[in-house]
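K.L.:
So in the working numbering the end of the sequence shown lands on 605, straight run, no missing numbers. Every residue gets a Cβ at the ideal spot worked out from N, C-alpha and C, and that includes glycine.
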Amino acid sequence: MLVLHDLPHSPTKHRSLQKPQRSSKRPGDDTQHIAKKRKLDHPSRPPSHFWDNLSQVPLTKNALRELNRRAPTEPRSWLHPEDRYRRPRTRHAVATRRKTQPLPAQEFLHQCSSADRAQLGRFARHGGPSLKDLRGYRQAIDPEMSSSQSSLGRRKRGSRSPSKTNTTPNTTTTRSTGPYDRAFQQHLIDHHIFPDGYEYPNGSVPPEPENMEDICRALKQPRASLSPSLFSKDDFKKFKRTDAHATKESRVATCVMPIIEGDPGDTRCIASDVPFTNLEHLTDGSLVCAKPDIYYGARPEQLHPKLRQELDNFVVPSTQSDLPIMPNNFVEIKGPDGSLSVATRQALYDGACGARGYHSVQALGAPELPYDNRAYTLSSTYHGGQLKMFAHHPIQPLTPGEQPGYVMTQLKAFAMTNDINTFRQGAAAFRNGRDWAKIQRDQAIAQANEKVNSLGIHSTRKTPHSSTTEAARDLNEGPSTSILEDSDTSADELSLDFKRPVKRSRSPEKQPSTVASTPTHDADQRGKDALPTSKPNAFMDGGRFNLTLPNRAGDDEI
């Protein structure tokens, strides 16, 4: 029986939004501490509770690494306890050890009497002994040393450095191994984030977005930039050669995708390879932060400053304040040797983060989270000349009180290197999807800004992945001034709304008690939600450890 020992770990806890507290320091106080932006802790690899909470543990390289990490190191069983940690010195010790070792089967049978051999034969015909207790037991090391090992030990008797032993690990590592394996997808499914084509255990499927036909209709619109006069057959042949020569993911991103993308418009609404370290954890804090290859969002100044502060960890993906916010269109790219399944899982993760942020803007001022079963977030994958486009939309939780779910639905797929007509259709769909996502994003931002510019929002509000309803809040009331850590915002921008403080008196009785309250950046005070209850899991009990064999080999599978 394989027994796994759990190691202590510090699980990452959820943090919910709370109203920022005013600073008790005076503006002119030399000892005033500038409020720093809270940094979320995103693990670089799945922690222990990631595996503990999985409903099913697939057989992947990361799962085997976790199993090896938890497996205790067994001492060499062929040594006596008194000699286990020291090397034998005398012939007498070696002879004594040989006498206590079990005999080989043939030698043992040769020494048995006829009656004993007959009894063993009857015992074997009935199945023999049960070997269940030997499953997973480490094989004993042969105590006999070769002549070369013995001579080496005599020459270097004092050397005990473990680095000089000729040991070869049983496991192999590959560069393609990453966190986006089948265990990652199972974790998302356990938290109701469903990939395209998912079916519930009862055979039903998640609902498709009601505006799916409207989105597909928008994607089909022709583009003047792809007309025969502007994009000829020679241009298509050049694209096809470029795609064939792009053997690395970086080459695909820098040479192939710009041809499909065309004129991107406002470059300040585009960013690439930006880790979403500022976004609240999508599940239980055990996932790495999302890092799309390309994402499209809005300029930070488009959204009201109070809203940027209010929805900071839902719509502002990075602590760098000049990067696009409220992203709702993502692109994941893989080279020819990359994995399509990994790109799809990354797009699923990116789209769920974007749909949650868009949903939080929709829910502004509403007592409950609205669910209109419509998609406002898109994602695309490009791998081996294949362009796939997906829509993402939130769904109501399966059980009241739980977190909302997110569904990924495929919209279109194109073989971009097939012919020029297919390329035009795929490139037009990609560019139309980018424009459609921008329209949805701008409309949501305009509606949210209108709510703030009116009399204010006095009703309670709920945000996705927030377990408690916040108290009534007037967004026109300004919280304390804070400056983002590692921000690229210039001092001139920070001074636009800053009011010069009243000159302080040296007398403590004459010092003013008021605080400048004009907000300039996001506040960082958040609450904490408890982690979800752990589910039965094979890693928690070695006797129930059962790795699911993959149906077909992949980059992240064995």
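1. Ignoring anything shorter than 3 residues or poking outside the segment 356–420, list the beta strand (DSSP E) runs there in chain order.
2. Sort H328, L354, C336 by Cα distance to K498 and report the nearest one.
3. Which residue marks the beginning of the alpha helix (DSSP H) containing Q628, and which one marks its end?
4. Counting pairs of Cβ atoms below 8 Å between the segment 245–262 and the segment 336–347, do you hit three or more?
5. So V499 is in the alpha helix (DSSP H); what residue range does that whole segment cover?
6. Measuring only the C-alpha atoms, how far is D340 from R478?
7. Please classify T330 as buried or exposed, where buried requires at least 16 other C-beta atoms within 10 Å of its C-beta.
8. Buried or exposed: which applies to I492, given that a residue is buried once 16 or more other Cβ atoms fall within 10 Å of its Cβ?
9. For T464, I'd like the list of residues in its chain whose CB is within less than 6 Å of its CB, leaving aside the five on either flank, ordered along the chain.
10. DSSP on L578, reduced to helix/strand/coil?
11. Any contact of the segment 412–422 with the segment 371–386, i.e. 3+ C-beta pairs under 8 Å?
12. So D281 and A337 are supposed to be a Cβ contact under 8 Å. How far apart are they, rounded?
13. Starting from M436, follow its DSSP beta bridges and name the residues at the other end.
14. Could you check which residue in H328, A438, K435 has the C-alpha nearest to that of Q450?
15. Check each candidate in G309, A265, D320 and name the one with the smallest Cα separation from S297.
16. Can we count V362 as close to the ligand FAD, meaning its CB is less than 8 Å from some heavy atom?
17. Report buried or exposed for V378, applying the criterion of at least 16 other Cβ atoms within 10 angstroms of its Cβ.
18. Name the residue from K435, E154, H439, A171 whose alpha carbon lies nearest to the alpha carbon of I307.
19. Tell me, which residues are paired with F241 by DSSP?
20. Using a Cβ-Cβ cut-off of 7 Å (strictly less than) and excluding sequence neighbours within five positions of Q487, which residues of its own chain qualify?
21. Just to confirm, is the Cβ distance from T428 to T391 under 9 Å?
22. Can you tell me whether D419 is buried or exposed, with buried defined as 16 or more other CB within 10 angstroms of its CB?
23. Using a 10 Å radius around the Cβ and a threshold of 16 neighbouring Cβ atoms, would you call C159 buried or exposed?
24. In terms of residue numbering, what span does the beta strand (DSSP E) encompassing A345 cover?
25. What does the alpha-carbon distance come out to for the pair P269 and A475?
26. How should L425 be labelled, buried or exposed, when 16 other C-beta atoms within 10 angstroms of its C-beta is the threshold for buried?
27. Mind checking who I442 pairs with in its DSSP beta bridge?
28. Give me the Cα-Cα distance between R117 and T107, rounded to the nearest whole angstrom.
29. Return the chain-ordered list of same chain residues with a C-beta closer than 7 Å to the C-beta of F231, the five sequence neighbours on each side being excluded.
30. Per DSSP, which residues does I317 bridge with? Please list them.
31. So is D489 buried or exposed if we call it buried at 16+ other beta carbons inside 10 Å?
32. What is the residue span of the alpha helix (DSSP H) that L87 lies within?
33. Here's the rule: buried if 16 or more other CB atoms are within 10 angstroms of the residue's CB, otherwise exposed. What is Q368?
P.N.:
Reading from the atomic positions:
1. The segment 356–420 contains these whole beta strand (DSSP E) runs: 372–381.
2. The shortest C-alpha separation from K498 is found at L354.
3. Nothing about residue 628 can be reported from this structure: the residues present for the chain run from 48 to 605 only.
4. In short, these stretches do not touch, since the Cβ pair count stays below three.
5. Per DSSP, V499 is one residue of the alpha helix (DSSP H) stretching across 467–500.
6. A direct Cα-Cα distance of roughly 17 Å separates D340 from R478.
7. Counting Cβ neighbours within 10 Å, T330 comes out buried, since at least 16 surround it.
8. Buried.
9. K287, D290, G432, listed in sequence order.
10. With a pLDDT of 40 at L578, under the threshold of 50, the modelled position of that residue is not reliable, and no figure is offered here.
11. Segments in contact, no.
12. About 38 Å separates the Cβ atoms of D281 and A337, ruling out a contact at the 8 Å cut-off.
13. The secondary-structure analysis by DSSP pairs M436 across a beta bridge with S427, K459.
14. The residue from H328, A438, K435 with its alpha-carbon nearest to that of Q450 is H328.
15. Ranking the options by Cα distance to S297, first place goes to D320.
16. The model on display carries no ligand, and the ligand FAD is accordingly not part of it.
17. Buried is the call here.
18. Distance from the Cα of I307 is smallest, within the candidate group K435, E154, H439, A171, for K435.
19. Paired residue(s): V454.
20. Closer than 7 Å at the Cβ level, and outside the excluded window around Q487, lie N375, Y423.
21. Going by C-beta atoms, T428 is nearer than 9 Å to T391.
22. Exposed is the call here.
23. Taking all protein chains in view, the Cβ of C159 is surrounded by fewer than 16 other Cβ atoms within 10 Å, so the residue is classified as exposed.
24. In the DSSP annotation of this structure, the continuous segment of the beta strand (DSSP E) that includes A345 starts and ends at 341–345.
25. Near 6 Å, if we compare the C-alpha coordinates of A475 and P269.
26. It is buried - the Cβ of L425 has at least 16 other Cβ atoms within 10 Å.
27. Answer is G452.
28. Linking R117 to T107 through their CA atoms gives a straight-line distance of about 16 Å.
29. Closer than 7 Å at the Cβ level, and outside the excluded window around F231, lie R392.
30. For I317, which the question treats as bridged, DSSP gives the partners Y343.
31. That one is exposed.
32. That residue, L87, is in no alpha helix (DSSP H); it is neither H nor E in DSSP.
33. Note that residue 368 is Ser in the sequence shown here, rather than Gln. In this structure S368 is buried. Its beta-carbon is surrounded by 16 or more other beta-carbon atoms within 10 angstroms.
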